[in-house]
Amino acid sequence: MAKPRKVEKKDTSKDEIFKNVMIGVLVAIIVVMGLGYAAFTQQLTINGTAEITSKWDVHIKSIVPDKNATSVTEEGNVRYTSAGSISSSVLNANTAEFSAVLVAPGDTVNYTVTVENSGTLDAKIDTNGIVFSDLTQMNKLANNTADDAIVFSYSGIGDGTVINKNGGTNVFTISVTYNSRFTSQPEGGQLRKNLEMILNYIQA
Amino acid sequence: MKKNLIIYGLLIGYLLLNTFVLLPMNLNYYNEIINPCLWMMICGVSAFLSNGASLRIKGERDKIQSLIIVMIIYVICYFLLGLVFGFEKTPYAKDVLSILRNLWSFVGIVFFQEFIRETVVRNEKKNILNYLIIVVLFTFLQLNLSNFASNFSDVKTTFIYASTTLIPGFLESAILTYLVYIGGFKASIIYRLFVMVPPFIVPIIPSLDWFGIAMMGIVLPMGVYIYLNYIHVKRSEQLSRKERRKYNPVVYVPVFVFIGLLAGFVVGLFKYQPIAVVSGSMSPTFNRGDAAVIRKLTTQEKDKLKVGDVIQFVSGTKFVIHRIYDISNDEYGNKLFITKGDHNNAPDVGKVHLEEVKGKVSFIIPLIGYPSVWLSGAI
Chain A
1 MAKPRKVEKK DTSKDEIFKN VMIGVLVAII VVMGLGYAAF TQQLTINGTA
51 EITSKWDVHI KSIVPDKNAT SVTEEGNVRY TSAGSISSSV LNANTAEFSA
101 VLVAPGDTVN YTVTVENSGT LDAKIDTNGI VFSDLTQMNK LANNTADDAI
151 VFSYSGIGDG TVINKNGGTN VFTISVTYNS RFTSQPEGGQ LRKNLEMILN
201 YIQA
Chain B
1 MKKNLIIYGL LIGYLLLNTF VLLPMNLNYY NEIINPCLWM MICGVSAFLS
51 NGASLRIKGE RDKIQSLIIV MIIYVICYFL LGLVFGFEKT PYAKDVLSIL
101 RNLWSFVGIV FFQEFIRETV VRNEKKNILN YLIIVVLFTF LQLNLSNFAS
151 NFSDVKTTFI YASTTLIPGF LESAILTYLV YIGGFKASII YRLFVMVPPF
201 IVPIIPSLDW FGIAMMGIVL PMGVYIYLNY IHVKRSEQLS RKERRKYNPV
251 VYVPVFVFIG LLAGFVVGLF KYQPIAVVSG SMSPTFNRGD AAVIRKLTTQ
301 EKDKLKVGDV IQFVSGTKFV IHRIYDISND EYGNKLFITK GDHNNAPDVG
351 KVHLEEVKGK VSFIIPLIGY PSVWLSGAI
């Protein structure tokens, strides 16, 4: 014969009241957090736009130089000292890197960057959405006012540039040039330069 | 089962139509009108095909309240992570009309989807295969299949996609199906609203890397299941008080604390962080596949580094772990470290500045880094 089991009766109304109070307290915490954000926005670390989801998927598809890194010593305006002196690669969805070793004044390498939107929302570059780590010499070759030995420039993209959903692309060019105004070997800090370019996309 | 098969057929048809016809056509107002209409239609057919049986939910109000409490705690914890990892702006438009449009386009269809889920659960309550089909089918319905293949281009991309999307998506679908079973479609709607709505209405969200996103996607469904299962079992008249105590979620608190601490240790939240060794340049001190535990250094501690210390530093876009071979100064008097791998014949070409040093190796854990090495393709 099966052993009879006790059935526990519980005071459901007290339990319900407790849970309602708990919900109220938690909602109040969220409100306070929201007020905290409004008050302390300047002190929060806020980065650019990101996070890939099924709806939002803007990523770097490719970065390709217009010259091959080979052992050929001269090709057009660019001379190479060794293989692998020009390189570029997509590291992950949000980051690509490029590098070049330039030998003579006037040498230029152009990188074609393709950004793809595989999400289901149209996107565009945010206002002031193109951010450079070093703006001092950007695009100054065109008006011949560049003072540095290594000068960067870009074209084909700007604030408000739209990238359509479901496979749309933005293709732009970033160039690195050995300033032709330099007639002698540059020294010290002019020999090497790094540039970081950040693109901030938002919903169009 | 016949009625459910028709509904499944409609859902698979929607998936194929969407992926191969509608999305490539890039239609205007697809998100605002066409997609919601499709879901409304499938929802209407499901309602027609419902067998009218009740789910017989006990203590529905209690379960809904408990679920709301858990989800609010999740939202608070999620946004508090931003104080640790930083925040990033959400990409969605912030004007009122766009917010409402996004909420209608992406959150509105949640109501139709969960109603359909409840219908198929209700039609075949005792059929386990039915539940499996629901979970798998609804997982795929949430994925963006138009570029599905690109997520499997290499081992690392596949692993990250599985960790951040496939596994959390499957677990979410499973917990939603369970919530429908014990609490009706109101419970599953509440869960989805709490997860989906914040990025559309809040300007910033925590800036989590793929590991953080994966952890949140796994821990949340687990936590919801443990607590709601306890609430559900508490109402069971077939279990004794002692048996019901086994389901008490307090029992799992040490597990979640351990998971949280381990995750924090791995992502570098604490003073010490493990790093997988991917090359043999420091052999025999440590080898490829070992894990070096790095102690992060302050500027003062970096200044006290000496020849012979094994340090981690940034070189371009990579992290390198080598031994300090010599110390010199640049023309401004700043300290420079010349480094060398124990297995290498010559010192490294570049010199390391103080600010490029990240930490010092404290100890080695043999072999534990092999999974990371394999994933990075170094093997």
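Protein chains in written order, with the working numbering: chain A, 1 to 204; chain B, 1 to 379. Each residue gets a CB set at the ideal place from its N, CA and C atoms; glycine is no exception. From a predicted model like this one, the values you see are computed outputs, not experimental measurements.
Secondary structure of proline 221/B (DSSP, three-state): helix. Less than 7 Å separates the beta-carbon of valine 224/B from that of isoleucine 175/B. When DSSP states are grouped into helix, strand and coil, tyrosine 332/B belongs to the coil group. Taking the CA atoms as reference points, threonine 127/A sits about 18 Å from asparagine 117/A.
Looking at the DSSP output, serine 155/A shares a beta bridge with Thr173/A. Here glutamate 172/B is buried. Its C-beta has 16 or more other C-beta atoms within 10 Å.
Closer than 7 Å to the CB of leucine 103/B there is not a single CB belonging to chain A. Residues of the same chain with a CB within less than 8 Å of the CB of serine 207/B, apart from the 5 flanking positions on each side, are Gly82, Phe85, Gly86, Phe87, Glu88 in chain order.
Taking the beta carbon of valine 27/A as reference, the chain B residues within 9 Å of it are Ile72, listed in sequence order. Residue-level contact by beta carbon fails for serine 88/A and chain B, as no gap is shorter than 7 Å. Annotation for threonine 95/A: no alpha helix (DSSP H) segment contains it, though the beta strand (DSSP E) segment containing it runs 95-100.
Rounded to whole angstroms, the separation of the alpha carbons of asparagine 287/B and phenylalanine 182/A is 47 Å.
Against aspartate 62/B, the close residues of chain A are Thr12, Asp15, Glu16, Lys19, in the order they occur along the chain (beta-carbon pairs closer than 8 Å). Rounded to whole angstroms, the gap between the alpha carbons of isoleucine 73/B and aspartate 326/B is 52 Å. Counting of Cβ neighbours within 10 angstroms places leucine 80/B among the exposed residues, the total staying below 16. For lysine 296/B, the beta-bridge partners assigned by DSSP are Gly359/B. By the rule that beta-carbons nearer than 7 Å mark a contact, serine 133/A does not touch chain B.
Taking 8 Å as the upper bound for CB-CB distance, threonine 339/B and valine 352/B are in contact here, some 6 Å apart. DSSP places phenylalanine 85/B in the helix class (H, G or I) of the three-state scheme. Burial check for methionine 25/B: the Cβ neighbour count within 10 Å stays below 16, so the residue is exposed.
Residue contact with chain B for isoleucine 23/A: present (Cβ-Cβ distance below 7 Å to some residue of chain B). Taking all protein chains in view, the Cβ of aspartate 154/B is surrounded by fewer than 16 other Cβ atoms within 10 Å, so the residue is classified as exposed. Under a criterion of Cβ atoms nearer than 7 Å, the residues of chain A adjacent to valine 75/B are, in order, Ile30.
Proline 274/B places its beta carbon 7 Å or farther from that of valine 255/B.
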